[in-house]
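What follows is a short report on a single structure.
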Amino acid sequence: MAKQNKNQTFEERYQELYEKDFDLQATAANREEDLSLLKKLFFEEKKLDILEKTPKEKWNWLHRCNLLSAAPLSVVQFYIDHGVEVNAQDMYGMTPLHYAMRSKNVDGAIALLNAGAAPNIPNRDGLIPLSMIGYIREHLDVLELMLKNGGDVHYEYQNEGSVLERYKPRGDETRNIAIYDMMLKYS
Numbered sequence: 034m035a036k037q038n039k040n041q042t043f044e045e046r047y048q049e050l051y052e053k054d055f056d057l058q059a060t061a062a063n064r065e066e067d068l069s070l071l072k073k074l075f076f077e078e079k080k081l082d083i084l085e086k087t088p089k090e091k092w093n094w095l096h097r098c099n100l101l102s103a104a105p106l107s108v109v110q111f112y113i114d115h116g117v118e119v120n121a122q123d124m125y126g127m128t129p130l131h132y133a134m135r136s137k138n139v140d141g142a143i144a145l146l147n148a149g150a151a152p153n154i155p156n157r158d159g160l161i162p163l164s165m166i167g168y169i170r171e172h173l174d175v176l177e178l179m180l181k182n183g184g185d186v187h188y189e190y191q192n193e194g195s196v197l198e199r200y201k202p203r204g205d206e207t208r209n210i211a212i213y214d215m216m217l218k219y220s
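In terms of this note's numbering, the sequence shown has 188 at position 155, counting the first letter as 1, and numbering is strictly consecutive.
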């Protein structure tokens, strides 16, 4: 009985916090693809500013929706359609495209690229979204779109060679052949 009361208390406390925390509501709406709640929070009740960035990290809503896991395409497109900056860099130099690639969000990356996201913006460590293609190596459509959008296969990363050189198959390795061959076409 005490455990049930504790759980009930936790759930009640969470609900109380959730009702007061509009950022938490938007984050849950991102994950749950609840566009009606996002519209309500940003436009109807104006509880949040869709163009605002977090004070410390400088994350906009396109950064935040792919921060921990891949956001549904409709959520990424919602933020793009409402003018959230696709090439904004956070305190780490990461763009929304970096986060989409890191979370393996193929559809989100394509939407960002179609909206003008640049594949060559380096983060503070010099990593560009194009060099992250290995996260989703089976999705050559994303690579091709990055290359068509000016992806620089000759970009040098931390004295480790160019993106093209880093994806050059070594010995019997076959996993990067398709990536390397496509990059060669654009080199």
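Cβ atoms here follow ideal geometry from the backbone N, Cα and C, with glycine treated the same way. From a predicted model like this one, the values you see are computed outputs, not experimental measurements.
Check the Cα spacing between E198 and each of Y188, L95, T207, L81: the tightest is with Y188.
Listed as beta-bridge partners of E189 by DSSP are S195. Secondary structure remark: continuous alpha helix (DSSP H) runs of at least 4 residues inside the segment 51–108, in chain order: 55–65, 68–72, 94–98. Per the coordinates, the alpha-carbon of K91 lies some 14 Å from the alpha-carbon of C98. Taking S195 as the centre and dropping the five residues before and after it, the same chain places the C-beta of V186, H187, Y188, E189 closer than 7 Å to its C-beta, in chain order.
The continuous alpha helix (DSSP H) containing V175 extends over residues 173–181. Residue state for I154 is assigned as coil, using DSSP reduced to three classes. Note that the segment 98–110 does not touch the segment 81–88; fewer than 3 beta-carbon pairs, one per stretch, sit closer than 8 Å. A direct Cα-Cα distance of roughly 31 Å separates A150 from E206. Look at K201 here: in three-state DSSP terms it is coil, with no helix or strand label.
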